[in-house]
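Following: one structure in structure tokens, then a few remarks.
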Amino acid sequence: MRAKLCSMKPRDLSKEECSSILSASRYGRLGLAKEDRPYVVPMSYVYADGRIYLHSRGGGMKMEYAAANPRVCFQIDQLDKGRWSSVIAFGPVKLRDDIEAKQRMFDAF
């Protein structure tokens with residue numbers, strides 16, 4: 121028996137599709153880079169008001185890398201019966217430690 125491989129052609133998702141996928145999930149992967157060292161870490165998040173909010177207890181490699189280079193990448197995927205979609209977002213991360221910002225994020229969860 122011969123297997124036939126088929127390849128799905130990637131396509132750009134609409135803003136509405138991206139928002140739907142981002143709103144439906146709670147886990148993704150944060151990609152950071154410091155000097156010549158990349159770092160990817162799974163994170164929980166919430167998507168609200170067109171923004172991705174991440175929470176970290178502070179300290180550690182994530183915070184060290186983000187402080188050194190705020191340009192990050194965030195990726196989530198959605199799998200449904202063999203079909204998948206993936207959202208990849210690029211942009212600067214803003215480190216916040218004020219109580220009001222944390223409360224808004226927790227309220228969105």
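Per my numbering, residue 121 is the first one in the sequence shown, and the count goes up by one each step.
Heads up, the beta-carbon is just placed ideally off N, CA and C, and yes, glycines get one too.
It should be emphasised that the depicted structure is a prediction, and the values quoted were computed from it without experimental measurement.
- The secondary-structure analysis by DSSP pairs residue 171 across a beta bridge with 168.
- A distance below 7 Å separates the beta carbons of residue 152 and residue 192.
- Counting along the chain, no beta strand (DSSP E) covers residue 226; the unbroken alpha helix (DSSP H) around it starts and ends at 219-228.
- Taking residue 184 as the centre and dropping the five residues before and after it, the same chain places the C-beta of 154 closer than 8 Å to its C-beta, in chain order.
- In this structure, residue 200 sits away from residue 206, with a CB-CB distance that is not shorter than 7 Å.
- Residue environment for residue 172: buried (at least 16 other C-beta atoms within 10 angstroms of its C-beta).
- According to DSSP, residue 163 shares a beta bridge with 148.
- Less than 7 Å separates the beta-carbon of residue 213 from that of residue 190.
- C-alpha of residue 224 to C-alpha of residue 136: approximately 23 Å in a straight line.
- Here the alpha carbons of residue 148 and residue 140 stand approximately 14 Å from one another.
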